[in-house]
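For the sequence shown, my numbering begins at 1 and goes up steadily by one.
The beta-carbon is built from N, C-alpha and C at its ideal position, and this holds for glycine as well.
Structure record follows, encoded as structure tokens.
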Amino acid sequence: MEEIKPSLTEFITGEDFFKRILVVESEAYLAELRERFPTAEIFFVTTDEEFTCPDVKVSVLDYREERLPFAEEFFDAIIGDLTLEVVTNPQDIAAGFSTYLKQTGVWLTSFRNIRHWKVLERLMRGAFGGIVSRLYTRTEFERLLYASFYKEVLLLPLKKNAPPELLERLITCGFDNFDDDLQTEFWLVRASRSMPELALLKSMFTPEVRADLSRLLHRIEYGIATEDSVQRFWRLFDAAGLFTDYAAAFIRSVVVHRERFYINMLKHSSRTELDKIIAEAESLYDFDTGDRFH
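Structure representation (structure tokens):
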């Protein structure tokens with residue numbers, strides 16, 4: 001079966017700042033990654049015992065069978081083509097990779113489309129050769145990733161057009177060609193551990209500060225030692241150097257019963273920042289908080 005053209009770096013944007021990158025059995029990406037991220041630590045996992053590369057930390061092992069020798073939430077990005085094509089349990093590998101990614105991390109990979117006309121044409125001739133390979137549909141791969149703890153999945157097609165008469169024949173036989181899927185040979189994938197807005201929140205401040213903030217917001221929301229919790233919130237706000245935009249975004253992402261939360265905050269706080277936090281967290285005030293809102 002044909003190999004994929006190295007194209008995953010198309011998914012790297014100007015906003016990506018990778019400090020630690022793991023490349024899985026895809027040597028072709030190493031030089032470009034070093035050029036794009038000159039200060040990054042780059043790690044490479046391979047079964048090739050003779051492989052060497054300057055400025056790259058090489059681990060010789062089979063990622064499909066062995067646990068990777070890294071700490072959890074260690075990498076900003078994991079990159080490797082067709083990483084789930086020859087595996088026993090693809091969800092184990094996908095979920096395993098997610099544990100090595102930071103909360104803001106991404107996995108860039110690809111898969112061969114089982115609905116591509118070349119695959120179907122071989123099956124029609126009884127000549128399919130991918131006996132040990134796993135091929136996926138787009139929907140199947142997306143479901144696998146969402147079940148493996150990724151929160152956002154983006155895909156780009158790599159196409160190889162079919163002979164017009166074959167494409168027409170496949171469609172006539174009942175193969176839907178949604179999104180020109182019958183002519184998409186490979187799908188490129190960017191799977192993120194967090195939604196973009198949550199990734200931004202998680203990229204700021206330490207996990208300890210975020211955990212304390214989340215806990216205090218929930219205590220205020222549910223009226224647990226409310227006055228003390230409000231005062232502790234402001235002490236954390238000052239000590240950690242939080243700012244109103246961040247607090248507002250965090251409240252939007254964490255607090256479920258925001259009306260109750262705001263009422264409790266207003267009862268026990270006279271900080272001038274509170275008005276700005278609430279204004280940024282809510283575009284419209286459609287609840288009654290006493291004298292303040294209508």
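Item	Value
From Leu61, Leu30, Tyr63, Pro38, pick the residue whose C-alpha is nearest to that of Cys53; which is it?	Leu30
Can you give me the C-alpha to C-alpha distance between Leu216 and Leu101, rounded to a whole angstrom?	27 angstroms
I need the boundaries of the alpha helix (DSSP H) containing Arg260, first residue and last residue.	258-267
In the DSSP output, which residue or residues are listed as bridge partners for Thr109?	Val189
Could you check the C-alpha separation between Ala191 and Leu82 for me, to the nearest Å?	14 angstroms
I'd like to know whether the C-beta atoms of Ser194 and Gln103 end up nearer to each other than 8 angstroms.	yes
Ala77 lies in the beta strand (DSSP E); which residues open and close that run?	75-79
To the nearest angstrom, how far is the alpha carbon of Lys19 from that of Val58?	17 angstroms
Is Asn113 buried or exposed, if buried means 16 or more other CB atoms sit within 10 Å of its CB?	buried
I'd like to know if the segment 163-179 and the segment 84-95 are in contact, where contact means that at least 3 CB-CB pairs between them fall below 8 angstroms.	no
What does the alpha-carbon distance come out to for the pair Leu22 and Leu266?	47 angstroms
If you scan the segment 13-63 from start to end, which runs of the alpha helix (DSSP H) of 4 or more residues do you find wholly inside it?	30-36
Considering only the beta carbon of each residue, do Leu108 and Leu33 sit closer than 8 angstroms?	no
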